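Quick notes on the structure that follows.
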Amino acid sequence: MTQDNKNLYLAIVLSILVIIGWSYLYGSPKIEKARESQTQSQTVPPPSASQGSTTLPATPGKPGSPRIAAANEAAPKVQTRAAALAMSPRIKIDTPSLSGSIDLKGARIDDVLLKGYHETTDPRSPNIEVLSPLGTAHPYFTESGFVAKAGQSIDLPGPNTLWKADHPVLTATTPVTLTYDNGHGLIFHRKISVDNRYMFTIAESVDNKTGAPVTLYPYAVVTKYGKSEVSHSSLAHVGFVGVFGGSEQKETYDKIAKEPHATKTMNGTGGWLGFTDQYWATVVIPGQNAPFEGTYSERGTTNKIYEANFVETHGLEVAPGATSQVTTRIFAGAKETQTLDDYQRDLGIQKFDLLIDWGWLYFITKPMFQFLDLVYKFVGNFGVAILICTALIKGVFFPLANRSYLSMAKMKAAQPQMNAIKERFPDDKVKQQQELMDLYKREKINPVSGCLPMLVQVPVFWAYYTVLSITIEMRHAPFFGWIKDLSAPDPTNIFTLFGLVPWDPTAVPVIGHFLALGIWPLIMGFTMFVQMKMNPEPPDPIQKQMFTWMPVIFTFMLGTFPSGLVIYWTWNNILSVTQQGVIMRRAGIKIELWDNLTSMFRKKAKATSPS
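Residue numbers (the working numbering): 372 to 982.
Shown next, in the form of structure tokens:
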């Protein structure tokens, strides 16, 4: 076996190991997490519906902390959503974007559904449930109110307080005011309003009819039972998220569990905090000029409870005979880019756009989405917008591609001289490299110029991948034909003969993640193969084999990526082939495509020894 053959087999083995390793590190963990999440949702019952907020001891002179009661109480059988909602009187929520209700017992916002979003691409499928009441499989709700200084005894509204409402329905034009009289001289009013999207505004006021001043500390808390389901994208952050005085703090559920006492506390003036999923979020927002202490925490043993809460550290002073008020906001809905930007601008909420995890290439990914969205507004299809934007980007980088392809042509023209150098120094690799470098310098050849178009494509590729994975605007966005959701993988599969064979190839251990191979990934692989054959084949046989196998590897790897990304890559390959052909024809350079294709099937002539 020659050394070249050994290197070839080694390269193939390493490529296979990369694929399997990628499956273990990227694909399999996500599948396993999803299965664990599903198992947990079927086996972990919620705590008792009688649990609620209370005030725990704190440092004297400082406010107590809002908390949910201990999670080790006996849990009742999981009820249906309708049964859980029927356990207490409620105010109906009915806006253009939201439906649901508010529990008058505790004034808890715990029933919110999104009218504009469904679980699947079928418009008849159930609406997305953002918040759910206690008694359901996964309670998820928000509360707000006041806490007193530690050690101070004041009868404050709590989880079992039954409020009185002045209206039975909360709409975008009709706020609802709740009232509670503690019977000891303090009357609490809670005016709840909601806009046309997803923002609740809660104006908390206190009438002090006692003869002594009262100091209360506003708080709000988001409580979530169990972890969120794992998204199909590893890019989208799922878990705790917040901004504290301009500083973003993101934490996973598992990371908080490892903190001392499973609690992380932060301070700031202005900001917000709560929980985020791939497309939805629920956060509480203090006054943007108010200093506050925010807390992420996990409690419970079998039944895990996660909380994100804040307490404003400057108390609300209520003099005898006076009324004081404070405003808190609660966001519960879809992470629409324009909606979040509007809230940040109009309400002055610090860095509210970071509720979408744009990633470390924020300066590329968000402008890329805004560009796509602008084009989408004209064409009405995000898939078409991707095609148009890709073509425009190709046009911007045309001068770079022109120089690159011309340099590659020079490389082809210098091929005989390169072969001659290798023949002169067959056993001296160092001398070969020195002579080749001198040749490149004389002929003004950049040996890495062919990689430049690919390198430019990398950040664009990553931006598209991020946008398709994290923006709700791409969720369930159709293209044409069988692509009903650009953010999901191609639903067809060659290994099931496109639906004729009733089995799931993705369930195969280890390699199943790569057996989700649809029509668009196959088209992408073919266009990538053609693009690589447009270029002069590398003289090194190992590199030649690697370039030959690269389209195959990418075809399988991209099979599980969002279909919109695969469509982009395919279209980019087509544009590159066309662009390269035009440039080379204008320069009078021979296009290598046909020769490279036929050489794959041409038998090598047997060498004959001289007679």
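Virtual Cβ for every residue (Gly too), placed ideally from N, Cα, C. All values reported here derive from a predicted model rather than from experimental measurement.
Can you list the beta strand (DSSP E) stretches of 3 or more residues lying completely in the region 591 to 638, in chain order?
For the region 591 to 638, whole beta strand (DSSP E) runs of length 3 or above, ordered along the chain, are 610 to 615, 618 to 622.
Please report the Cβ distance between L810 and A785, rounded to the nearest whole angstrom; I am assuming they are in contact, meaning their Cβ atoms lie under 8 Å.
The pair is a contact, with the Cβ atoms about 6 Å apart (cut-off 8 Å).
Taking I924 as the reference, which of N944, F900, S947 has the closest Cα?
The candidate whose alpha carbon is nearest that of I924 is F900.
With DSSP collapsed to three states, give me the class of S472.
Three-state DSSP puts S472 in a strand.
If you reduce the DSSP assignment to three classes, tell me which class G730 lands in.
Looking at G730 - three-state DSSP - the assignment turns out to be coil, as it is neither helix nor strand.
Am I right that L549 and W534 are in contact with their C-beta atoms under 8 Å? What's the rounded C-beta distance?
That pair is a contact at about 4 Å.
Identify, in the order they occur along the chain, each residue of the same chain with its Cβ nearer than 6 Å to the Cβ of N944, setting aside the five sequence neighbours on each side.
So the qualifying residues of the chain are T898, M899, Q902.
Buried or exposed: which applies to H555, given that a residue is buried once 16 or more other Cβ atoms fall within 10 Å of its Cβ?
With fewer than 16 Cβ atoms within 10 Å of its Cβ, H555 is classed as exposed.
CA-CA distance, A834 and L505?
Those two C-alpha atoms are separated by around 40 Å.
So who's on the other strand from H555, going by DSSP bridges?
Note: H555 sits in no beta bridge, so no partner.
Taking the beta strand (DSSP E) that K486 falls in, what are its first and last residues?
Taken as a continuous stretch (DSSP letters only), the beta strand (DSSP E) holding K486 covers 479 to 489.
Assuming the contact rule is C-beta atoms closer than 8 Å, L839 and L857 should be a hit. Round their C-beta distance to whole Å, please.
So it is a contact: roughly 6 Å between Cβ atoms.
Would you grab the beta carbon distance between F611 and I627 for me? Rounded to a whole angstrom, and I think it's under 8 Å.
Yes, they are in contact, since the Cβ atoms of F611 and I627 sit about 6 Å apart, within 8 Å.
Measuring CA to CA, which of L807, N498, D799 is closest to P787?
Minimum Cα distance to P787 is reached at L807.
Quick check on M845: does DSSP put it in helix, strand or coil?
The answer is helix: DSSP assigns M845 an H, G or I state.
Among the residues of its own chain, which have a CB less than 7 Å from the CB of Y488, if the five just before and after it don't count?
Excluding residues within five positions, the ones whose Cβ falls inside 7 Å are N498, I499, A705.
Using a 10 Å radius around the Cβ and a threshold of 16 neighbouring Cβ atoms, would you call F749 buried or exposed?
Per the 10 Å Cβ criterion, exposed.
Taking the continuous alpha helix (DSSP H) assigned at A983, which residues delimit it?
There is no way to answer for residue 983, as the model of the chain reaches only from 372 to 982.
If you drop the 5 nearest sequence neighbours on each side, which residues of the same chain put their C-beta closer than 6 Å to that of P460?
Hits under 6 Å: L475.
List in chain order: all unbroken alpha helix (DSSP H) runs of 4+ residues lying wholly within the region 850 to 928.
You should have 890 to 904, 912 to 928.
I'd like the list of long-range same chain contacts for T723, defined as Cβ closer than 6 Å, with 5 residues on each side in sequence excluded.
Reading off the sequence, residue 723 comes out as Phe, not Thr. Once the five neighbours on either side are set aside, the close Cβ partners of F723 are L711, Y714, Q715.
Give the straight-line distance between the Cα atoms of S618 and F571, rounded to the nearest whole angstrom.
In a straight line, the C-alpha of S618 is about 24 Å away from that of F571.
Is it the case that the Cβ atoms of A591 and I656 are separated by a distance below 9 Å?
Cβ atoms of A591 and I656: closer than 9 Å.
Restricting to Cα atoms, I'd like to know which of W874, T926, G671 is closest to G896.
Among W874, T926, G671, the Cα nearest to that of G896 is on T926.
Do I525 and L502 come within 9 Å of each other at the CB atom, strictly closer than that value?
The answer is no: Cβ separation not under 9 Å.
Within its chain, find whatever has a CB closer than 7 Å to the CB of P691; leave out the 5 residues flanking it on each side and keep chain order.
Once the five neighbours on either side are set aside, the close Cβ partners of P691 are N579, T581, G582, A583, P584.
Starting from the C-beta of N660, find all residues in its chain whose C-beta is less than 8 Å away, skip the five residues before and the five after it, and write them out in chain order.
Cβ within range, chain order: T640, G641.
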